[in-house]
Structure formats: structure tokens, C-alpha cells
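Student: Read in the UniProt record's numbering, the sequence shown has 132 at position 132, and its numbers run on one by one without any break. Heads up, the beta-carbon is just placed ideally off N, CA and C, and yes, glycines get one too. This structure is in C-alpha cells; I'll ask about it shortly.
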Amino acid sequence: HASGMASADLREDLLCSVCLHIYTDPVTLRCGHNFCQGCIQSVLATQEASGVFSCPECRAEFRDHSELQRNTTLCSIVEHFLSTQPSLEDTRIFCTYCLFLPVPAFKTCLLCEASLCDNHVKVHNKSAEHVLTEPTTSFGSRKCSMHNKLLELYCSEDCLPICSLCCLVGEHKGHQVESLNTAVEKTKGHLRLILDNVNVLRDSMNKRAQNLQVHKKKVGKKASGIRERVIALFQDLQEQLKGLEKRVLGEISRQEEQVSKKVSDSIYKLEGSRDKLFKKISRIEEICNQTDPLMVLQEWESCSGALESTEEEDDAEDEVDEEDEDDESYEEESEEEVNKEELYDENEVFGPDEICVGGNKGNHGAKPDEVDLYDAKEKEVEEKEIEDNDNEELEDDDDEALKDDDEELEEDDEKKKK
Numbered sequence: 001h002a003s004g005m006a007s008a009d010l011r012e013d014l015l016c017s018v019c020l021h022i023y024t025d026p027v028t029l030r031c032g033h034n035f036c037q038g039c040i041q042s043v044l045a046t047q048e049a050s051g052v053f054s055c056p057e058c059r060a061e062f063r064d065h066s067e068l069q070r071n072t073t074l075c076s077i078v079e080h081f082l083s084t085q086p087s088l089e090d091t092r093i094f095c096t097y098c099l100f101l102p103v104p105a106f107k108t109c110l111l112c113e114a115s116l117c118d119n120h121v122k123v124h125n126k127s128a129e130h131v132l133t134e135p136t137t138s139f140g141s142r143k144c145s146m147h148n149k150l151l152e153l154y155c156s157e158d159c160l161p162i163c164s165l166c167c168l169v170g171e172h173k174g175h176q177v178e179s180l181n182t183a184v185e186k187t188k189g190h191l192r193l194i195l196d197n198v199n200v201l202r203d204s205m206n207k208r209a210q211n212l213q214v215h216k217k218k219v220g221k222k223a224s225g226i227r228e229r230v231i232a233l234f235q236d237l238q239e240q241l242k243g244l245e246k247r248v249l250g251e252i253s254r255q256e257e258q259v260s261k262k263v264s265d266s267i268y269k270l271e272g273s274r275d276k277l278f279k280k281i282s283r284i285e286e287i288c289n290q291t292d293p294l295m296v297l298q299e300w301e302s303c304s305g306a307l308e309s310t311e312e313e314d315d316a317e318d319e320v321d322e323e324d325e326d327d328e329s330y331e332e333e334s335e336e337e338v339n340k341e342e343l344y345d346e347n348e349v350f351g352p353d354e355i356c357v358g359g360n361k362g363n364h365g366a367k368p369d370e371v372d373l374y375d376a377k378e379k380e381v382e383e384k385e386i387e388d389n390d391n392e393e394l395e396d397d398d399d400e401a402l403k404d405d406d407e408e409l410e411e412d413d414e415k416k417k418k
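Now the structure itself:
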């Protein structure tokens, strides 16, 4: 009953002195009294003609009412009070014995089927038969539908509340019954066990969620570290590749310039030799066009030395060509060696055993590029020998042709002499 009395006292403190109802949007005047916003605005509107406004409760006067301060604390108290006692506001159950003034009911007696205010509860019958509940108007749900008596017992077999006659003459005769209070205590005990288990499960889930949060943070931290290391690694690789590219391109440019210079020199020499050959060809053609045998022989004698010098120059040019080819081979070999060296230098990325440019795995003890270079040189030597043999055969044919021409000229001279 103490809680009910406290609730009634609080209700009285929350009543507006103008409308005598619980505050609606309470505002505070300068004197400190509170009123419903609508109520105080109506009162002040009636006082506006006089130009002087006064508090309806303490009669304190003031000249300006434009700013009514909303009492937020009192609003929260009213909202909380209404939420805890919705039946008092929603159903508006009043005391059955207060005839002249409607007073909200505090309890309802199921036996008397009467609602009681706080004052009438104090003087009501205190016997066990007069069961007091929260204010209600649904008395039918509290009584047995067959015997119209209060539901005071509980049938454990059928799990139903029953009256005292149901267990004596009704369909619950012979069943195990107990008082409603005992059944409620058992039910509450069972619910408390369930609540304890649920609380343990909740705590376990909370702990697991915390552990997962910690694990998530660790995973994120670890992933960030790995991400930073990977970024640093690829940046280092990019710098190494840029350096390698710069060195290789520089070496290519250097070798290109070196070989281009040698080739230019060789072209210049060949052009000079070619001009000389053109002159000698013209000289030989002039000799061949001579009709006088004596002049032909004399010219031949004078040109034989020039022809020999021409052969020597051809040999010299062949040597120049060989040097140029050797230079080209050297440049190719140098380029391959540079590539191998650069690749072996980058052993953090590619191991020496993983590099196989030539693809030849049968030559143990030698690098694949060295084997390919050796095969290329050997093939070049064979081609050079074949070319030299062809040149020797051509020279032999030229010598035989010249001898035949000399024999024919001698036969013609002998015929002329005869």
C-alpha cells in the first residue's frame, strides 16, 4: 500500500491548479508556479486588457508574459508517471464509494466487485476473502464461469485457475490443486531459473562478442602490417626494375654508338675500295677492247701488278668484314653477358638456376647463353670456311680462263708470223 500512496501523492503534485488534471506541456511563470501551457495562456488572455498579469495561484504580478519557459524536467516526470500508470489515465476507473467527486481508484476488491481510492482502501475489509488487485472493471475474468466464484485455486493437471467448487463437484474433482499464490511462486521460481540460464547465455555471448572484437582488431592490425610490407616490397622491386632498365638501355646505346662508328668506318673504306675497283674495271675493259695483240700484251703486263694489288685489297677488305662481323658477334655476346649479369645481380627476385635463355639443359658446367654463343660462333666459322672455299674456286677458274686467253693470243701471234 505504501507504493500506492506514494503514487497518489505524486499524482496530486502533478495536477494543474487551473484544470485540475495532470499537466499538459507544463510551463513555469517567474514566480515558480507551473501550469498547463494552454491553461495559463487562456488565463493571461483574460488579463491582457488590464495590462497587468498575475499568477492564478499566488497572485504575483508581472507585466510581460511573452516568454513562457517550458519546464522540461516536469514534462519528463509527467511522461514517466503516465507510462507507469496507463490504466489510471486510459480507463479512468474511479472509486466506487466517492459519490460527490470522481477520485481515481487505487485498488479493486474482487469479492465486493468495487474499486477503491486510497482512503477507502485503508478502511476496507482486510480478510483473505477480499482479494485486492489493480483497478479493473473486468470482474468476469476473475470469477469461475460455471460457479460465479473467485478463481482462488490452480489445477496442476489441466494448468487452469479454478474456484473452490470446481475441485469438489466439477470436472476438476480429484485433480491435484494448489492455491494461486503457491502456483505463482512456483511459476516465478521456474521463470527465475530460466532467467538465470538466459543471463548466463547472454554473458557468454557478450564475452564471445568481445573476444571476436579483439580478434577482429588483431586481424586488422596484422593485415595492415602485411599490406605495408607488400607495398614496400613492390616499391623496391619497381626501383630495381627502373635501375635495371636504365643500365640496360645505357649499355645498348653505348654499344650502338660503338658499333655504328665501326660500321661507318668500314663503309667509308669500302666505298674508297669500290671507287678504285671501278677504275681498274674500266682499265681492264679498255685492254679487252684493244685489237692490237701487242698492245694487249703490253697492257696486260702493266696491269698484272695492279690486279695483284686488287686481290690484296680484297683480302684486306675481307679482313675488315671479318673484323666487323667479329665486332657484331662481340656486341651480341656483350649484350647477352650484360643481360646475364643483370639477371644474376637481381638474385632476390630470380635465382641463377631459374634463368635459361637458350633452353639447353644438356650442357652441364656451362651457362645456357654461353652454349648458344659457342654454337653460333662455330656455325659462323663453318660458313666462313665455305665462303673461302668458294672464293678459291672462283680464283682458280679466273686463272684458268686467263691462261686459256693467253694461249689463244699466242696461237694467233704464231699464225700471224707464219
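Got a sec? Which residues, its chain only, sit under 7 Å from residue 124 by beta carbon, not counting five neighbours each side?
Tutor: What you label residue 124 is simply residue 124 of the sequence shown in a count that begins at 1. If we look at residue 124 and ignore the five residues flanking it on each side, its Cβ neighbours are 109, 116 and 130.
Student: Relative to the C-alpha of residue 112, which candidate in 142, 265 and 211 has its C-alpha closest?
Tutor: As a working mapping, residue 112 is identified with position 112 in the sequence shown. The shortest Cα separation from residue 112 among 142, 265 and 211 belongs to 142.
Student: Which residues share a DSSP beta bridge with residue 27?
Tutor: Looking up residue 27 in the sequence shown gives position 27. DSSP output for residue 27 lists 35 and 70 as bridge partner(s).
Student: Measure the alpha-carbon distance for residue 233 versus residue 199 and round it to whole angstroms.
Tutor: For the purposes of this step, residue 233 is taken as residue 233 along the sequence shown, with counting starting at 1. For the purposes of this step, residue 199 is taken as residue 199 along the sequence shown, with counting starting at 1. C-alpha separation (whole angstroms): 50 Å.
Student: Should residue 102 go down as buried or exposed, given a rule of 16 or more other Cβ atoms within 10 Å for buried?
Tutor: Counting from 1 along the sequence shown, the entry for residue 102 is found at position 102. The residue is exposed, with fewer than 16 neighbouring Cβ atoms inside 10 Å.
Student: Taking Cβ positions, are residue 52 and residue 70 nearer each other than 9 Å?
Tutor: For this step, residue 52 is matched to residue 52 along the sequence shown. For this step, residue 70 is matched to residue 70 along the sequence shown. No, the Cβ-Cβ distance between residue 52 and residue 70 is not below 9 Å.
Student: Quick check on the burial criterion: 16 or more other C-beta atoms within 10 angstroms. Buried or exposed for residue 222?
Tutor: Residue numbering aside, residue 222 sits at position 222 when the sequence shown is read from its first letter. Looking at its Cβ environment, which holds fewer than 16 other Cβ atoms inside 10 Å, residue 222 is exposed.
Student: Which of helix, strand or coil does DSSP assign to residue 178?
Tutor: Looking up residue 178 in the sequence shown gives position 178. In this structure, residue 178 counts as strand in the three-state DSSP scheme.
Student: Looking at C-alpha atoms only, which residue of 40, 11, 31 and 259 is the closest neighbour of residue 25?
Tutor: Along the sequence shown, one-based indexing puts residue 25 at 25. Cα-wise, what sits closest to residue 25 is 40.
Student: Alpha carbon to alpha carbon, how far is residue 10 from residue 132?
Tutor: Residue 10 sits at position 10 when you count from the first residue of the sequence shown. Residue 132 sits at position 132 when you count from the first residue of the sequence shown. The straight-line gap from Cα to Cα measures roughly 22 Å.
Student: Quick check: the Cα distance between residue 279 and residue 299, rounded to an integer number of angstroms?
Tutor: Here residue 279 corresponds to residue number 279 of the sequence shown, with the count starting at 1. Here residue 299 corresponds to residue number 299 of the sequence shown, with the count starting at 1. Cα-Cα distance, rounded: 15 Å.
Student: Closer than 7 Å by C-beta to residue 164: which residues in its own chain qualify, once you throw out the five before and the five after it? Chain order, please.
Tutor: Position 164 of the sequence shown holds residue 164. Same-chain partners within the cutoff: 149, 152 and 153.
Student: With DSSP collapsed to three states, give me the class of residue 114.
Tutor: Against the sequence shown, residue 114 aligns to sequence position 114. Residue 114: strand per DSSP, three-state reduction.
Student: Is residue 271 helix, strand or coil when you go by DSSP?
Tutor: On the sequence shown, residue 271 is found 271 positions in, with the first residue counted as 1. Three-state result, residue 271: helix.
Student: Using the Cα positions of residue 190 and residue 147, report the straight-line distance between them to the nearest angstrom.
Tutor: Reading the sequence shown from its first residue, position 190 is the one you call residue 190. Reading the sequence shown from its first residue, position 147 is the one you call residue 147. Cα to Cα, residue 190 sits roughly 31 Å from residue 147.
Student: Have a look at residue 88 and residue 106 and give me their C-alpha separation to the nearest angstrom.
Tutor: Counting from one through the sequence shown, the residue named residue 88 turns up at place 88. Counting from one through the sequence shown, the residue named residue 106 turns up at place 106. Unreliable placement is indicated for residue 88, whose pLDDT of 44 sits below 50; no coordinate value is reported for it.
Student: Do you know how far the Cα of residue 196 is from the Cα of residue 208?
Tutor: Here residue 208 refers to the residue found at position 208 when the sequence shown is read from its first residue. Here residue 196 refers to the residue found at position 196 when the sequence shown is read from its first residue. Looking at the two C-alpha atoms, the distance is approximately 18 Å.
Student: State the Cα-Cα distance for the pair residue 264 and residue 241, rounded to the nearest angstrom.
Tutor: Position 264 of the sequence shown, counting from 1, holds the residue named residue 264. Position 241 of the sequence shown, counting from 1, holds the residue named residue 241. Residue 264 and residue 241: Cα-Cα distance of roughly 34 Å.
Student: Nearest to residue 22 by CA position, among 32, 81 and 58, is which residue?
Tutor: Position 22 of the sequence shown, counted from the start, is the residue given in the question as residue 22. Measuring from the Cα of residue 22, the nearest candidate turns out to be 81.
Student: Mind checking residue 341: buried by the 16 CB within 10 Å criterion, or exposed?
Tutor: Start at 1 with the first residue of the sequence shown, and residue 341 comes out as number 341. With a pLDDT of only 48 at residue 341, under 50, the local geometry of the prediction cannot be trusted, and the value read off the model is given with reservation. Burial call: exposed.
Student: Would you identify the three-state DSSP class for residue 100, choosing helix, strand or coil?
Tutor: As a working note, residue 100 is residue 100 in the sequence shown. Residue state, collapsed to three classes: coil.
Student: Is the separation between the beta-carbon of residue 18 and that of residue 36 shorter than 9 Å?
Tutor: The sequence position of residue 18 within the sequence shown is 18, counting from 1. The sequence position of residue 36 within the sequence shown is 36, counting from 1. Yes, the Cβ-Cβ distance between residue 18 and residue 36 is below 9 Å.
Student: Please classify residue 162 as buried or exposed, where buried requires at least 16 neighbouring CB atoms within 10 angstroms.
Tutor: Mapped onto the sequence shown, residue 162 falls at position 162. With 16 or more other Cβ atoms within 10 Å, it is buried.
Student: Going straight from the alpha carbon of residue 13 to that of residue 79, what length do you get?
Tutor: Looking up residue 13 in the sequence shown gives position 13. Looking up residue 79 in the sequence shown gives position 79. Taking the straight line joining both Cα atoms gives about 14 Å.
Student: Can you check whether the CB of residue 49 is closer than 9 Å to the CB of residue 29?
Tutor: Sequence index remark: in the sequence shown, residue 29 carries index 29 (1-based). Sequence index remark: in the sequence shown, residue 49 carries index 49 (1-based). No. Outside cutoff.
Student: Under 9 Å between the Cβ atoms of residue 155 and residue 175?
Tutor: As a position in the sequence shown, residue 155 is number 155, starting the count at 1. As a position in the sequence shown, residue 175 is number 175, starting the count at 1. A contact, by the Cβ cut-off of 9 Å.
Student: Would you report the Cα separation of residue 33 and residue 55, rounded to the nearest angstrom?
Tutor: Stepping through the sequence shown from its first residue, residue 33 is reached at position 33. Stepping through the sequence shown from its first residue, residue 55 is reached at position 55. So the alpha carbons of these two residues sit roughly 8 Å apart.
Student: In angstroms with no decimal places, state the Cα-to-Cα distance between residue 68 and residue 38.
Tutor: Translated into positions along the sequence shown, residue 68 becomes position 68. Translated into positions along the sequence shown, residue 38 becomes position 38. Each residue's alpha carbon lies about 11 Å from the other.
Student: With respect to the beta strand (DSSP E) encompassing residue 161, which residues constitute its N-terminal and C-terminal limits?
Tutor: Reading the sequence shown from its first residue, position 161 is the one you call residue 161. Start and end: 160-162.
Student: My understanding is that residue 136 touches residue 114, with C-beta atoms under 8 Å, so please give their C-beta distance in whole angstroms.
Tutor: Locating residue 136 in the sequence shown gives position 136, where the first residue counts as 1. Locating residue 114 in the sequence shown gives position 114, where the first residue counts as 1. No, residue 136 and residue 114 are not in contact; Cβ-Cβ is about 11 Å, not under 8 Å.
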